[in-house]
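In my numbering, the protein residues as written are 59 to 169.
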């Protein structure tokens with residue numbers, strides 16, 4: 059069964075995104091992190107419509123690690139309500155999916 063997913067996270071700055079990316083990859087909560095600059099986000103926050111520059115993270119991991127990954131991202135994140143959402147990988151090349159599994163720790167294992 060395919061347990062792979064991509065977790066989408068937004069961050070306030072490139073520095074914050076890189077720090078989160080490096081930490082979760084070092085801890086094997088994600089096999090890979092892509093940092094994408096240049097986003098403009100428009101959203102409701104505390105009764106106002108806000109527009110901010112943000113940086114996106116695409117974290118390749120396993121659904122079974124989502125809870126641990128979410129907790130770690132929250133601990134490292136500056137936002138009160140960070141965007142942390144998972145998209146299951148419904149298909150992928152077998153070698154890449156195996157690489158994600160090999161590059162992440164077993165669910166429940168300590169870093």
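Glycine included, C-beta positions come from ideal geometry on N, C-alpha and C. The model shown is predicted, which means the values in this text are computed figures rather than measured ones.
Quick check: the segment 88 to 98 against the segment 153 to 164, are there 3 or more CB pairs under 8 angstroms?
yes
Under the three-state DSSP convention, the category residue 65 falls into
strand
Using 8 angstroms as the cut-off, can you tell me whether the segment 61 to 74 makes contact with the segment 143 to 159, which would need three or more C-beta pairs spanning the two stretches below that distance?
yes
Take residue 120 as the anchor and find which of 101, 130, 72, 86 has the nearest alpha-carbon.
86
Beta carbon of residue 72 nearer than 8 angstroms to that of residue 113:
yes
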